[in-house]
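For reference, the structure discussed in these notes is given below.
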């Protein structure tokens, strides 16, 4: 049975803080639905009605494209956490999100919540509309062996000028929707 909440409660925050992975889903009016797994220490609860996550450059920028798409319901985003241990639980955050890049107003305030990582390109700022929890009884038990360091290592070994030049060319999603590029390389940890 699903339960709905208007804001995150302390028990929800405690569950979120224990999860090593979360999933992000977005969709524009046309084109593909994007569903991405996220790892690292990249998610923050800012308040009971606001969350954010740090995004590293990767193979695409679909979440950004979907959140800024020119449509009536732009900004729709769902974040899902699954407890692979006990107790079984799935938690979904439904909200409206926006990408905040290093050159944007609001970057410094959001960035203060994170430890920057090599290759950071943006922070997604999400206003919570509702929370849903469900049993998760069909989710298997799994344990974490460790984080993959490959993405952070690749960014750490990049030459900042080359990284910035490549980032500047990534202005379209898979479906051709526009995105905005970050204007700087962030070295991070």
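Residue numbers (the working numbering): 909 to 1097. For every residue, glycine included, the Cβ atom is placed at its ideal position computed from N, Cα and C.
1) Can you give me the C-alpha to C-alpha distance between residue 947 and residue 980, rounded to a whole angstrom?
2) Mapping the DSSP letters down to three states, classify residue 1037 as helix, strand or coil.
3) Within 8 Å, do at least three Cβ pairs link the stretch 1070-1089 to the stretch 1033-1042?
4) At a cut of 8 Å, does the stretch 1048-1067 reach the stretch 971-985 through at least three beta carbon pairs?
5) According to the Cβ coordinates, are residue 1039 and residue 916 closer than 8 Å?
6) Ordered along the chain, which non-local residues of its own chain (more than five positions away) have a Cβ less than 6 Å from that of residue 1060?
7) Label residue 994 either buried or exposed according to how many other C-beta atoms from any shown protein chain fall within 10 Å of its C-beta, with 16 as the threshold for buried.
8) For the candidate residues 1049, 1011, 1058, whose alpha-carbon lies nearest to that of residue 1094?
9) On the DSSP bridge assignment, give the partners of residue 929 in chain order.
10) Kindly indicate which three-state DSSP category residue 952 falls into: helix, strand or coil?
11) Below 7 Å CB to CB, which residues in the same chain sit around residue 1068 once its five sequence neighbours on both sides are set aside?
12) In whole angstroms, what separates the C-alpha of residue 989 from that of residue 965?
13) Do the CB positions of residue 911 and residue 1041 come within less than 8 Å of each other?
The short version:
1) The sequence position of residue 947 within the chain shown is 39, counting from 1. The sequence position of residue 980 within the chain shown is 72, counting from 1. Each residue's Cα considered, the two are about 30 Å apart.
2) Along the chain shown, read from residue 1 onward, the residue named residue 1037 stands at position 129. Strand, per DSSP.
3) no
4) no
5) Looking up residue 1039 in the chain shown gives position 131. Looking up residue 916 in the chain shown gives position 8. Yes, Cβ-Cβ distance for residue 1039 and residue 916 is below 8 Å.
6) If you number the chain shown from 1, residue 1060 lands on position 152. The answer, listed in chain order, is 1025, 1026.
7) Residue mapping note: residue 994 aligns to position 86 of the chain shown, counting from 1. By the 10 Å Cβ count, residue 994 comes out exposed.
8) Indexing the chain shown from 1 puts residue 1094 at position 186. That would be 1011, whose Cα lies nearest to the Cα of residue 1094.
9) On the chain shown, position 21 is the one that residue 929 refers to. Note: residue 929 sits in no beta bridge, so no partner.
10) In the chain shown, residue 952 corresponds to position 44, counting from 1. Of the three classes helix, strand and coil, the one that applies to residue 952 here is strand, per DSSP.
11) Taking the chain shown and counting its residues from 1, the one referred to as residue 1068 is at position 160. Correct list, in chain order: 1093.
12) Locating residue 989 in the chain shown gives position 81, where the first residue counts as 1. Locating residue 965 in the chain shown gives position 57, where the first residue counts as 1. For residue 989 and residue 965, the distance between alpha carbons rounds to 22 Å.
13) By 1-based counting over the chain shown, the position of residue 911 is 3. By 1-based counting over the chain shown, the position of residue 1041 is 133. Against a cut-off of 8 Å, the Cβ pair of residue 1041 and residue 911 comes out as a contact.
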